[in-house]
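Below you'll find the structure, written out as structure tokens, and then a few comments.
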Amino acid sequence: MSSAFGKKLFSQFSCFSSLNTYRNIIPQSNKFNLHQIYVRNLSGSTNGSSKSFNPIRDYKQLSKLRLSALVTFTASAGFIAGSGESIDWWKFLWTNLGTFGAAACANTLNQLYEIHNDKLMTRTWNRPLPTGRIGRLHAALFALVCGATGIYILNETTNSLTALLGVTNILLYAGMYTPLKQVTIWNTWVGAVVGAVPPLMGWAAASGGLDVGATILASMLFSWQIPHFLALAWLCKDDYFRGGFRMMPFLDPAGRRTATAAVRHCVYLLPLGYVAYLAGMATEPFAWEAGLLTAGMGFRAVQFYNNPVQSSARSLFRISLLYLPLLMVCLIVHRLPHTNTQDISSRLPLLSLSIPNNTLTSNNISTSFESPVTTHSSTLSEAPIGSCRNPTCHVAVDGATTPSDIHTTRVPNSKDPMKRAATLAA
865 MSSAFGKKLF SQFSCFSSLN TYRNIIPQSN KFNLHQIYVR NLSGSTNGSS KSFNPIRDYK
925 QLSKLRLSAL VTFTASAGFI AGSGESIDWW KFLWTNLGTF GAAACANTLN QLYEIHNDKL
985 MTRTWNRPLP TGRIGRLHAA LFALVCGATG IYILNETTNS LTALLGVTNI LLYAGMYTPL
1045 KQVTIWNTWV GAVVGAVPPL MGWAAASGGL DVGATILASM LFSWQIPHFL ALAWLCKDDY
1105 FRGGFRMMPF LDPAGRRTAT AAVRHCVYLL PLGYVAYLAG MATEPFAWEA GLLTAGMGFR
1165 AVQFYNNPVQ SSARSLFRIS LLYLPLLMVC LIVHRLPHTN TQDISSRLPL LSLSIPNNTL
1225 TSNNISTSFE SPVTTHSSTL SEAPIGSCRN PTCHVAVDGA TTPSDIHTTR VPNSKDPMKR
1285 AATLAA
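Taking the numbering used here, the leading residue of the sequence shown gets 865, the next gets one more, and so forth.
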């Protein structure tokens, strides 16, 4: 009995020795947190945790409910922005459900990979896997059910493109972003790509494809994530260090490099509201509102740059939490129907080339290269209503064409096929 007690006392003394070593490495501000971790490792639990399985609590933590809800919200905004005159609310609901399932799957796989890291961090030690409330196999089955169900719903109720984007995002998050967190500071930018995909999923579900508008929306999400996550990384830099994650503050003790990246991406965000207006995604008020919101977050980012401390990082993080939902709500309120939006090439011709839907088919391309004169009457009669987004385009209905509807295009005898295709598109 005394021998067992002596071994336990020696092990506790060894833990205190290792704890003192940690204290020499970690800033003094985190002594209390380290003591909490030490106490948890000795006792196995604290008043705030329990080893008993609670389905509601544990599945909520395993899926990272709030993060998955935010991901689903951005997909919702993409769906509404990509919809036409009317919104298919049933498809909207199925898209949200499928997106949430994919997000829950990715978040669970992330925690399966980081069990040992999470045990060392104050933010994550009480999750189901580190505490043993849920086993690895249980979590893996939960991820499989969520992911398979979500992707199946997206494929059956929307389209294969949306389902493919969902699968891609799971693989990017769990297979690339998660391992890179322990390898390179560039994991933040990979994570920003992951966060930019959900609005693309919503857009693709509503419109059936991706275009300039979807790219603009994804760019907004990408650039927003950099100041948001860099502020969080600075606030939790000691915790991330204990967990073995390589965030930018890990290599930037002064904080200037971290703050510079945050300011830079706020600058990237600044014109995107106006570009969305030019693309016909939203009315002009959205451009002003987006600019004001970005200016507010940029102001906090500049404050963080001038004084990189916890308080300024916290201010930047808080305003970034407000920025995204406000931006998405403004876009929803001021959106223009996707089928009636004006092609951005009419205002910014250098950004894109508008080509009618039926021009670049294999039959039309081969025919156009065989003869210098091409008739567009067949294209007009076959085009569905609303397929042309140019407001000056007139589409014949039910094949009823008149001689005035038929026009010919003289194609120059150019050897460059792209010039001939561009002439036909005009």
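Backbone N, C-alpha and C define an ideal beta-carbon position, used for all residues, glycine too.
Rounded separation between Arg991 and Cys969 - CA only: Counting from 1 along the sequence shown, the entry for residue 991 is found at position 127. Counting from 1 along the sequence shown, the entry for residue 969 is found at position 105. C-alpha separation (whole angstroms): 16 Å.
Cα-Cα separation, Cys1130 to Met1084: As a first step, residue 1130 is located in the sequence shown; it is residue number 266 there, counting from the start. As a first step, residue 1084 is located in the sequence shown; it is residue number 220 there, counting from the start. The alpha-carbon atoms of Cys1130 and Met1084 are separated by roughly 10 Å.
C-beta contact flag for Ala1003 and Thr1042 at 8 Å: Taking the first residue of the sequence shown as 1, we reach residue 1003 at position 139. Taking the first residue of the sequence shown as 1, we reach residue 1042 at position 178. Not closer than 8 Å, so no.
Which of helix, strand or coil DSSP assigns to Pro891: Working through the sequence shown from its first residue, we reach residue 891 at position 27. Because Pro891 carries a pLDDT of 40, less than 50, the predicted location of this residue cannot be relied on, and the following value inherits that uncertainty. Pro891 falls in the coil class under three-state DSSP.
Whole-angstrom distance between Ala1056 and Arg1000, CA atom to CA atom: Position 136 of the sequence shown, counting from 1, holds the residue named residue 1000. Position 192 of the sequence shown, counting from 1, holds the residue named residue 1056. Rounded to the nearest angstrom, the two C-alpha atoms are 27 Å apart.
8 Å Cβ cutoff met for Phe1150 and Ala1143: Your numbering for residue 1150 matches position 286 in the sequence shown. Your numbering for residue 1143 matches position 279 in the sequence shown. Their beta carbons are not under 8 Å apart, which means Phe1150 does not touch Ala1143 by this criterion.
Contact under 8 Å by Cβ, His1202 with Ser947: Your numbering for residue 1202 matches position 338 in the sequence shown. Your numbering for residue 947 matches position 83 in the sequence shown. Contact flag set, yes.
DSSP bridge partner residues for Arg1199 (one or two, in chain order): Your numbering for residue 1199 matches position 335 in the sequence shown. Its beta-bridge partners are Ala1146.
Trp1088, DSSP secondary structure in three states: Taking the sequence shown and counting its residues from 1, one reaches residue 1088 at position 224. Trp1088 falls in the helix class under three-state DSSP.
Euclidean distance between Cα positions of Gly1066 and Asn960: Against the sequence shown, residue 1066 aligns to sequence position 202. Against the sequence shown, residue 960 aligns to sequence position 96. Each residue's alpha carbon lies about 8 Å from the other.
C-alpha gap between Leu1044 and Ala1082, whole angstroms: As a working note, residue 1044 is residue 180 in the sequence shown. As a working note, residue 1082 is residue 218 in the sequence shown. Going by the C-alpha atoms only, they are around 22 Å apart.
Helix, strand or coil at Ile1034 [DSSP, three-state]: On the sequence shown, residue 1034 is found 170 positions in, with the first residue counted as 1. Helix, per DSSP.
Exposure label - Arg930; buried when at least 16 CB within 10 Å: Indexing the sequence shown from 1 puts residue 930 at position 66. Exposed, by the Cβ-count rule.
Beta-carbon proximity check, Leu1180 vs Ala1146, cutoff 8 Å: On the sequence shown, residue 1180 is found 316 positions in, with the first residue counted as 1. On the sequence shown, residue 1146 is found 282 positions in, with the first residue counted as 1. It is not a contact, given that the beta carbons lie outside the stated cut-off.
Of the listed residues Leu984, Thr1158 and Val935, nearest to Leu1136 (C-alpha basis): Numbered from its first residue, the sequence shown carries residue 1136 at position 272. Nearest C-alpha to Leu1136: Thr1158.
Buried versus exposed, by CB contacts within 10 Å (16 or more), Gln1174: Counting from one through the sequence shown, the residue named residue 1174 turns up at place 310. With fewer than 16 other Cβ atoms within 10 Å, it is exposed.
Sequence-distant residues of its chain with Cβ nearer than 8 Å to Thr1048 (five each side left out): Against the sequence shown, residue 1048 aligns to sequence position 184. Hits under 8 Å: Arg1110.
Extent of the continuous alpha helix (DSSP H) to which Thr963 belongs: On the sequence shown, position 99 is the one that residue 963 refers to. Looking at the DSSP string, the run of the alpha helix (DSSP H) that includes Thr963 is Trp953 to Tyr977.
Helix, strand or coil at Trp1098 according to DSSP, with G and I counted as helix: In the sequence shown, counting from the first residue as 1, residue 1098 sits at position 234. Three-state DSSP puts Trp1098 in a helix.
DSSP-derived helix/strand/coil call for Thr1238: For the purposes of this step, residue 1238 is taken as the residue at position 374 of the sequence shown. With a pLDDT of only 41 at Thr1238, under the threshold of 50, the placement of this residue in the model should not be trusted; the figure read from the coordinates follows. Strand at Thr1238.
Straight-line gap, Thr988 to Asp982 (C-alpha atoms, nearest Å): For the purposes of this step, residue 988 is identified with residue 124 of the sequence shown, where counting begins at 1. For the purposes of this step, residue 982 is identified with residue 118 of the sequence shown, where counting begins at 1. Taking the straight line from one Cα to the other gives about 5 Å.
Reference Arg997, options Gln1089, Lys915, Met1192 and Ile1196, closest by Cα: Sequence index remark: in the sequence shown, residue 997 carries index 133 (1-based). When only C-alpha atoms are compared, the closest one is Lys915.
Where Trp1050 falls, given that 16 or more other Cβ within 10 Å makes a residue buried: On the sequence shown, position 186 is the one that residue 1050 refers to. Classification of Trp1050: exposed, given that the 10 Å Cβ count is below 16.
Contacts around Gly965, its chain only, beta-carbon distance under 6 Å, and the 5 residues preceding and following it disregarded: Position 101 of the sequence shown, counted from the start, is the residue given in the question as residue 965. Cβ within range, chain order: Cys1010, Thr1013 and Gly1014.
Lys924: first and last residue of the uninterrupted alpha helix (DSSP H) it sits in: By 1-based counting over the sequence shown, the position of residue 924 is 60. Start and end: Pro919 to Leu926.
Other residues of its chain near Ala1078: CB distance less than 6 Å, five sequence neighbours each side excluded: Walking along the sequence shown from the start, residue 1078 turns up at place 214. Cβ neighbours of Ala1078 beyond the five flanking positions: Leu1064 and Trp1067.
C-alpha gap between Leu1188 and Ala1118, whole angstroms: Within the sequence shown, numbered from 1, the residue matching residue 1188 stands at position 324. Within the sequence shown, numbered from 1, the residue matching residue 1118 stands at position 254. Computed Cα separation, rounded: 28 Å.
Identity of the residue in Gly942, Gly1155, Leu1190 and Phe1114 nearest Lys1062 by Cα: For the purposes of this step, residue 1062 is identified with residue 198 of the sequence shown, where counting begins at 1. Here the sequence assigns Pro to residue 1062, which means Lys is not the residue at that position. Of the listed residues, the one whose Cα sits closest to Pro1062 is Gly942.
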